[in-house]
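Worksheet: the structure to be examined is printed underneath.
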Amino acid sequence: MKKIELLAPAGDLERLKIAVMYGADAVYLGGKQFSLRSRASNFDIEDIAEGVKFAKQYGAHVHVTVNMLPHEEDIEGLKEYLMELERVGVTAIIVASPMIMMCAKKYAPKLEVHVSTQHSSTNASAANYWKKKGMDRVVLAREVTLKDIKDTMKNVNVPIEVFVHGAMCISYSGRCTLSNHMTGRDSNRGGCAQSCRWKYRLYEDDRAIHDMQDLFSMSSKDLMGAQFIPDLIEAGVASLKIEGRMKSAYYVATLIGTYRRLIDEIYENGGKLSDERMQWYYEQLAHAENRPTSIGFYAGQPLPSAHLFGINGAGVTQEFIAYVLDYDEKEQIATLEVRNNFKPHIEAEVFGPNIPTTRFTFDELYTLDGEKLEVAKTPMQIIKTKVPCRMEKDAMIRKIMVKDRSHIY
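Under the numbering used here, the first residue of the sequence shown carries the number 246, and numbering increases by one thereafter.
In structure tokens, the structure reads:
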């Protein structure tokens, strides 16, 4: 059986390279045209070409989202754009509009066409319909249960992709018009304002409900489906998708590096891992959190308490403190790029594309001119320090922070 694909998000070229180096089999990104997530950095054709070239060095593929639902005025230049994606070596496009699907098959036939989750495909009949239309993969709706996925896989004749981690849409994905109604920004044309994550006062008969202690939000917890990966592999799912094209390089590295090791270990052990081993992976994944997580719909329809997390917005932990630019193994000297405030002699963890997560204690910190630092506090400053453990270029260092992660078990 072909090994399941780990599909990573990439908001820009830096994050594409990080995802590939940390173990992604494929990355998906948005171009400057015809893509949702308009607030992501997104790629022009030259960047896509560079990303494809870089990914090929690692045996990885590049998928491009062409997933907006275009109106008549949005269509100009589509044919030429698809032909350019094919020319630079893109493997697949992720599409919601049947018009774009047909256009790609006609003018860029080397591109695989993957049916977006926006179609909310929830069963084998829907997936097989798209196969009959010439599509190459179907991304299932995020609202399907594990049982739904297993039943679908028994009767489907097209590769299936499922989401395993990341933000959840409070509506059926792509079928929300809150943003359109409240801001005039079309969620299906790249302008979603994420109105579901706003804070609201509730009214009844034009009167505010005053006994509410907190404002109300429809904001959903993020999906974290790591525990179901052995089942998804056994069912024959083709690809596991991580959401997060607008997230940081640290987020991408943390998740992709962890899921890469988890998937590989599951294959090496022939299936499910021990509870203790899975808890270690949960802890590693939790370092990327900026809102609480849940198992989404995998175990069935979630209760509000399991799916909603209230009014607290996404937080930033600032635990990512340094990026490793270089490492002199003989002298044990690391050259670091500062990302968040830290002092010498604190305990930290380093993790990288080819090294395990290792805890260590910082030595003295120095500028490139040899000046000793009492604190590294200037973002992007280049510093040096002697380290007692092996590091590598492109590794990342984080503070040791105590967090309540009981909700992830």
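Glycine residues also receive a C-beta, built at the ideal position from the N, C-alpha and C atoms.
Inset, instruction - Write down the C-beta distance between Tyr611 and Thr580 rounded to the nearest angstrom, noting that I regard them as a contact closer than 8 Å. - result: Within the sequence shown, the letter at position 366 stands for residue 611. Within the sequence shown, the letter at position 335 stands for residue 580. With a contact defined as Cβ atoms closer than 8 Å, Tyr611 and Thr580 miss out at about 10 Å.
Legend entry - Residue environment, Arg604, which counts as buried when at least 16 other CB atoms sit within 10 Å: The count along the sequence shown starts at 1 and reaches residue 604 at position 359. Classification for Arg604: exposed.
Inset, instruction - Please name the residue, chosen from Lys617, Phe461, Val409, Trp375, that lies closest to Val389 on a Cα-to-Cα basis. - result: On the sequence shown, position 144 is the one that residue 389 refers to. Considering only alpha carbons, the answer is Val409.
Legend entry - Chain-order list of residues whose beta-carbon lies under 6 Å from that of Val403 (same chain, five-residue window excluded): Position 158 of the sequence shown, counted from the first residue, corresponds to residue 403. Ala372, Lys376, Val383.
Legend entry - Nonlocal neighbours in the same chain, by C-beta distance under 7 Å from Phe607, ignoring five residues either side: As a first step, residue 607 must be located in the sequence shown, where it is residue number 362. Same-chain partners within the cutoff: Pro589, His590, Ile591, Ala593, Thr630.
Inset, instruction - State the Cα-Cα distance for the pair Glu250 and Ala269, rounded to the nearest angstrom. - result: Counting from one through the sequence shown, the residue named residue 250 turns up at place 5. Counting from one through the sequence shown, the residue named residue 269 turns up at place 24. Cα to Cα, Glu250 sits roughly 8 Å from Ala269.
Inset, instruction - Could you please give the first and the last residue of the uninterrupted alpha helix (DSSP H) stretch that includes Ile478? - result: As a first step, residue 478 is located in the sequence shown; it is residue number 233 there, counting from the start. For Ile478, the enclosing alpha helix (DSSP H) starts and ends at 474-480.
Legend entry - CB contact flag (Ala337, His364, <9 Å): Counted from its first residue, the sequence shown places residue 337 at position 92. Counted from its first residue, the sequence shown places residue 364 at position 119. No. Outside cutoff.
Inset, instruction - Express the C-alpha separation of Glu406 and Ile478 in angstroms, rounding to a whole number. - result: Here the question's residue 478 lines up with position 233 in the sequence shown. Here the question's residue 406 lines up with position 161 in the sequence shown. Ile478 and Glu406: Cα-Cα distance of roughly 11 Å.
Legend entry - DSSP-derived helix/strand/coil call for Pro537: For this step, residue 537 is matched to residue 292 along the sequence shown. The answer is coil: DSSP assigns Pro537 none of H, G, I, E or B.
Inset, instruction - Determine the closest residue to Leu314 out of Ile345, Arg522, Leu327, with distance taken between C-alpha atoms. - result: As a working note, residue 314 is residue 69 in the sequence shown. The residue with the shortest Cα to Cα distance from Leu314 is Ile345.
Inset, instruction - For the beta strand (DSSP E) containing Lys644, list its first residue and its last residue. - result: Locating residue 644 in the sequence shown gives position 399, counting from the first residue. 641-644 is the span of the beta strand (DSSP E), which, as asked, contains Lys644.
Legend entry - Local conformation of Tyr199 per DSSP, three classes: Past the edges of the chain, shown from 246 to 654, lies residue 199, and the structure says nothing about it.
Legend entry - Contacts around Ile290, its chain only, beta-carbon distance under 7 Å, and the 5 residues preceding and following it disregarded: Counted from its first residue, the sequence shown places residue 290 at position 45. Glu329, Val333, listed in sequence order.
Legend entry - Through-space distance from Val497 to Glu510, alpha-carbon basis: One-based indexing of the sequence shown puts residue 510 at position 265. One-based indexing of the sequence shown puts residue 497 at position 252. Going from the Cα of Glu510 to the Cα of Val497 covers about 20 Å.
Legend entry - Distance CB(Leu252)-CB(Lys486) smaller than 9 Å: Within the sequence shown, residue 252 is the residue found at index 7, counting from 1. Within the sequence shown, residue 486 is the residue found at index 241, counting from 1. Their beta carbons are under 9 Å apart, which means Leu252 touches Lys486 by this criterion.
Inset, instruction - Compare the C-alpha of Val401 against each of Gly481, Arg260, Arg643, Gly615 and name the closest. - result: The residue labelled residue 401 in the question sits at position 156 within the sequence shown. Out of Gly481, Arg260, Arg643, Gly615, Gly481 has the C-alpha closest to the C-alpha of Val401.
Legend entry - For Thr310 and Cys348, the rounded distance between their alpha carbons: Here residue 348 refers to the residue found at position 103 when the sequence shown is read from its first residue. Here residue 310 refers to the residue found at position 65 when the sequence shown is read from its first residue. Approximately 15 Å between the Cα atoms of the pair.
Inset, instruction - Could you tell me if Asp467 is buried or exposed, where buried requires 16 or more neighbouring beta carbons within 10 angstroms of its beta carbon? - result: Start at 1 with the first residue of the sequence shown, and residue 467 comes out as number 222. Buried, since its Cβ has 16 or more Cβ neighbours within 10 Å.
Inset, instruction - Just mark His426 as buried or exposed, buried being the case when its beta carbon has 16 or more other beta carbons within 10 Å. - result: Taking the first residue of the sequence shown as position 1, residue 426 is located at position 181. Burial call: exposed.
Inset, instruction - Between the Cα of Asn585 and those of Lys622, Tyr326, Pro598, spot the shortest distance and give me the residue it belongs to. - result: What you label residue 585 is simply residue 340 of the sequence shown in a count that begins at 1. When only C-alpha atoms are compared, the closest one is Lys622.
Inset, instruction - Provide the residue span of the beta strand (DSSP E) that contains Gly580, from first to last. - result: Sequence index remark: in the sequence shown, residue 580 carries index 335 (1-based). The sequence given here places Thr at residue 580; Gly does not occur at that position. Per DSSP, Thr580 belongs to the beta strand (DSSP E) from 578-583.
Legend entry - Proximity winner among Arg635, Thr397, Ala471, relative to Ile540 (alpha-carbon distances): On the sequence shown, residue 540 is found 295 positions in, with the first residue counted as 1. It is Ala471 whose Cα lies nearest to the Cα of Ile540.
Inset, instruction - Look up Glu619 in the DSSP assignment and say whether it is helix, strand or coil. - result: Here residue 619 refers to the residue found at position 374 when the sequence shown is read from its first residue. Coil.
Legend entry - Proximity below 9 Å, CB of Thr503 to CB of Gln524: If you number the sequence shown from 1, residue 503 lands on position 258. If you number the sequence shown from 1, residue 524 lands on position 279. No. Outside cutoff.
Inset, instruction - Give me whichever residues DSSP pairs with Phe299 in a beta bridge. - result: Taking the first residue of the sequence shown as position 1, residue 299 is located at position 54. Phe299 pairs with nothing; no bridge assigned.
Inset, instruction - Taking only runs that begin and end inside the region 340-380, name each unbroken alpha helix (DSSP H) of 4 or more residues, in chain order. - result: 343-352, 369-377
Legend entry - Beta carbon of Glu534 nearer than 9 Å to that of Gly411: Sequence index remark: in the sequence shown, residue 534 carries index 289 (1-based). Sequence index remark: in the sequence shown, residue 411 carries index 166 (1-based). In this structure, Gly411 does not lie closer than 9 Å to Glu534 by Cβ.
Legend entry - Segment contact, 8 Å Cβ cut-off, at least three pairs: the region 442-449 with the region 508-522: By the C-beta criterion, the region 442-449 is judged not to be in contact with the region 508-522, since fewer than 3 inter-stretch pairs fall below 8 Å.
Inset, instruction - On a CA-only basis, which of Leu618, Ile566, Pro549 is nearest Met625? Give me that one, please. - result: Indexing the sequence shown from 1 puts residue 625 at position 380. When only C-alpha atoms are compared, the closest one is Ile566.
Legend entry - Residue environment, Tyr448, which counts as buried when at least 16 other CB atoms sit within 10 Å: Reading the sequence shown from its first residue, position 203 is the one you call residue 448. Exposed: under 16 other Cβ atoms inside 10 Å.
Inset, instruction - Tell me, please, which residues DSSP counts as bridged to Asp509. - result: Here residue 509 refers to the residue found at position 264 when the sequence shown is read from its first residue. Bridge pairing for Asp509: absent [DSSP].
Legend entry - Under 9 Å between C-beta atoms of Val583 and Met636: Reading the sequence shown from its first residue, position 338 is the one you call residue 583. Reading the sequence shown from its first residue, position 391 is the one you call residue 636. Not in contact: Val583 and Met636 (Cβ atoms no closer than 9 Å).
Inset, instruction - Find out if the Cβ-Cβ distance for the pair Asp571, Gly597 is shorter than 9 Å. - result: Working through the sequence shown from its first residue, we reach residue 571 at position 326. Working through the sequence shown from its first residue, we reach residue 597 at position 352. Remark: C-beta atoms of Asp571 and Gly597 do not approach each other more closely than 9 Å.
Legend entry - Residues that DSSP places opposite Tyr568 in a beta bridge: The residue given as residue 568 occupies position 323 in the sequence shown. Looking at the DSSP assignment, Tyr568 forms a beta bridge with Glu582, Met641.
Inset, instruction - Mind reading off the beta-carbon distance from Leu391 to Phe473? Whole number of angstroms is fine, and I expect it under 8 Å. - result: As a position in the sequence shown, residue 391 is number 146, starting the count at 1. As a position in the sequence shown, residue 473 is number 228, starting the count at 1. Contact flag correct, Cβ pair sits at about 6 Å.
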